[in-house]
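Remarks on the structure that follows.
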Amino acid sequence: MTSFIYGINPVLEALKNNPQSIEKIWFDKNRLSGKKYQILEKAKKLGIPVKISEKLPPKIPAHLNTQGVVAYLLTFNYADLEDIVANWEKRSEVPLVVMLDEVEDPHNVGAIIRSADASGVHGVVIPKVRACEVTETVAKVSAGAVFNLPIAKVTNLKHALQFFKEKGLWVLGLTHKAEKSIYQLDLKIPLVLIVGNEGKGIRPGILEQCDFLAKIPMKGKVESLNVSVAAAIALFETQRQRSIF
């Protein structure tokens, strides 16, 4: 991950859920108000160094809307697959995991992670290569949700799928080529939801590992939805069926 995150919500969530990852925090002297005072006080209590000045920190692009707060990070702590298992066991819930198959756009990755957190997902899995990792843009778009749930980065998605199958989870691939609608499936079972690359979708080798395929039914002329929108629809349909809300 890059060495900083910015914006009120991402920094606040990092302070709440992963403060050990923060090296120091910069505040714009002229924009210090509201929740930024909450961030400032929490940082001081945790012993995190802070700097208040009018000058934007070095290496922070001027075009970024920092909202007057930037946190420098020591590292982003990726989880292990076992951490995801521990999360659903701790919460005593039916497992729900999201797997991203070579999703490349950081805005899509951030939006999916935000929806995953909001819908109660127990963990997100991303590949180490040919995919977007957790960056400052991902953290910003996720509104800090990257610090709220385990995110595992793995070398081989097939091996990760086998790991979850051995834990009793079923695998659902989301693709516009599927015959069945997401609304026709029983989503109350332990589940891994896979979404694919923005252009190519889920790779054939990963599709072969799926127990079920589903699509989002549409009436218009476009063939598919943006991957983050499709993921959000599928996740909240899953939670609707599970009657969490």
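Numbering (the numbering used here), first residue to last: 17 to 261. For every residue, glycine included, the Cβ atom is placed at its ideal position computed from N, Cα and C. A quick note: this is a predicted structure, and the numbers were derived from the prediction, not measured.
Open item on the list: Could you check whether the segment 132-140 touches the segment 160-178, counting it as contact only if at least three pairs of C-beta atoms, one from each stretch, sit closer than 8 angstroms?
Closed with: yes
Task: Proximity to L56 [Cα-Cα], best of P122, S259 and L28 - done: For the purposes of this step, residue 56 is taken as residue 40 along the sequence shown, with counting starting at 1. Out of P122, S259 and L28, L28 has the C-alpha closest to the C-alpha of L56.
Open item on the list: Tell me which residue opens and which closes the beta strand (DSSP E) that L97 is part of.
Closed with: Position 81 of the sequence shown holds residue 97. Segment L97 to R107 is the alpha helix (DSSP H) holding L97; no beta strand (DSSP E) there.
Task: Closest Cα partner of A147 within the set V66, K60, M115 and V162 - done: Looking up residue 147 in the sequence shown gives position 131. Selected option, being the one with the closest Cα: M115.
- [ ] Measure how close the beta-carbons of V211 and I128 come, nearest whole angstrom, since I'm counting them as under 8 angstroms.
- [x] Residue mapping note: residue 211 aligns to position 195 of the sequence shown, counting from 1. Residue mapping note: residue 128 aligns to position 112 of the sequence shown, counting from 1. Contact flag correct, Cβ pair sits at about 7 angstroms.
Open item on the list: Buried or exposed, going by whether 16 or more other CB atoms sit within 10 Å of the CB of V145?
Closed with: Counting from 1 along the sequence shown, the entry for residue 145 is found at position 129. The residue in question, V145, is exposed, as its Cβ has fewer than 16 Cβ neighbours within 10 Å.
Open item on the list: Could you tell me the alpha carbon to alpha carbon distance between G50 and Y88, rounded to whole angstroms?
Closed with: Looking up residue 50 in the sequence shown gives position 34. Looking up residue 88 in the sequence shown gives position 72. Using only the alpha carbons, I get a separation of about 21 angstroms.
Open item on the list: Which residue wins for smallest C-alpha separation from R219, given the options V113, E118 and F43?
Closed with: Position 203 of the sequence shown, counted from the start, is the residue given in the question as residue 219. The shortest Cα separation from R219 among V113, E118 and F43 belongs to E118.
Open item on the list: DSSP has I68 in a bridge; who is on the other side?
Closed with: For this step, residue 68 is matched to residue 52 along the sequence shown. I68 pairs with F43.
- [ ] Measure from the alpha carbon of K204 to the alpha carbon of each residue in S259, V245 and L190, then state which is nearest.
- [x] Indexing the sequence shown from 1 puts residue 204 at position 188. Of S259, V245 and L190, the residue nearest in Cα terms is S259.
TODO: Starting from the Cα of N93, find the closest Cα among L188, L209 and E149 and give me that residue.
DONE: Start at 1 with the first residue of the sequence shown, and residue 93 comes out as number 77. Out of L188, L209 and E149, E149 has the C-alpha closest to the C-alpha of N93.
Open item on the list: Assuming contact is defined by CB atoms lying nearer than 9 angstroms, are E120 and H192 in contact in what I supplied?
Closed with: One-based indexing of the sequence shown puts residue 120 at position 104. One-based indexing of the sequence shown puts residue 192 at position 176. No, they are not a contact pair.
TODO: Pull up the CB-CB distance for F180 and L201, whole angstroms please, since I reckon it's below 8 angstroms.
DONE: For the purposes of this step, residue 180 is identified with residue 164 of the sequence shown, where counting begins at 1. For the purposes of this step, residue 201 is identified with residue 185 of the sequence shown, where counting begins at 1. F180 to L201, Cβ: 18 angstroms. No contact.
TODO: Rank G136, K58 and L177 by C-alpha distance to the C-alpha of L34 and give the top, closest one.
DONE: Here the question's residue 34 lines up with position 18 in the sequence shown. Note that residue 34 corresponds to Asn in the displayed sequence, not to Leu. Ranking the options by Cα distance to N34, first place goes to K58.
- [ ] Would you check if the distance between the CB atom of V113 and the CB atom of L185 is smaller than 9 angstroms?
- [x] The residue you call residue 113 lines up with position 97 of the sequence shown. The residue you call residue 185 lines up with position 169 of the sequence shown. Yes, these two residues count as a Cβ contact at 9 angstroms.
TODO: Determine the contact status of K231 and L173, defining contact as a CB-CB distance below 9 angstroms.
DONE: Residue 231 sits at position 215 when you count from the first residue of the sequence shown. Residue 173 sits at position 157 when you count from the first residue of the sequence shown. No, these two residues do not count as a Cβ contact at 9 angstroms.
Open item on the list: So for D133, helix, strand or coil by DSSP?
Closed with: Indexing the sequence shown from 1 puts residue 133 at position 117. Looking at D133 - three-state DSSP - the assignment turns out to be helix.
TODO: Give the DSSP-derived three-state secondary structure of K193 in the structure shown.
DONE: In the sequence shown, counting from the first residue as 1, residue 193 sits at position 177. Residue state, collapsed to three classes: coil.
Task: CA-to-CA distance, Q54 to A248, given in whole angstroms - done: Within the sequence shown, the letter at position 232 stands for residue 248. Within the sequence shown, the letter at position 38 stands for residue 54. So the two alpha carbons sit approximately 30 angstroms from each other.
Open item on the list: Can you tell me whether E182 is buried or exposed? The criterion is at least 16 other CB atoms within 10 Å of its CB, across all chains shown.
Closed with: As a working note, residue 182 is residue 166 in the sequence shown. Burial call: exposed.
Open item on the list: For K67 and W42, which I take to be in contact (beta-carbon distance under 8 angstroms), what is that distance rounded to the nearest angstrom?
Closed with: The count along the sequence shown starts at 1 and reaches residue 67 at position 51. The count along the sequence shown starts at 1 and reaches residue 42 at position 26. K67 to W42, Cβ: 5 angstroms. Contact.
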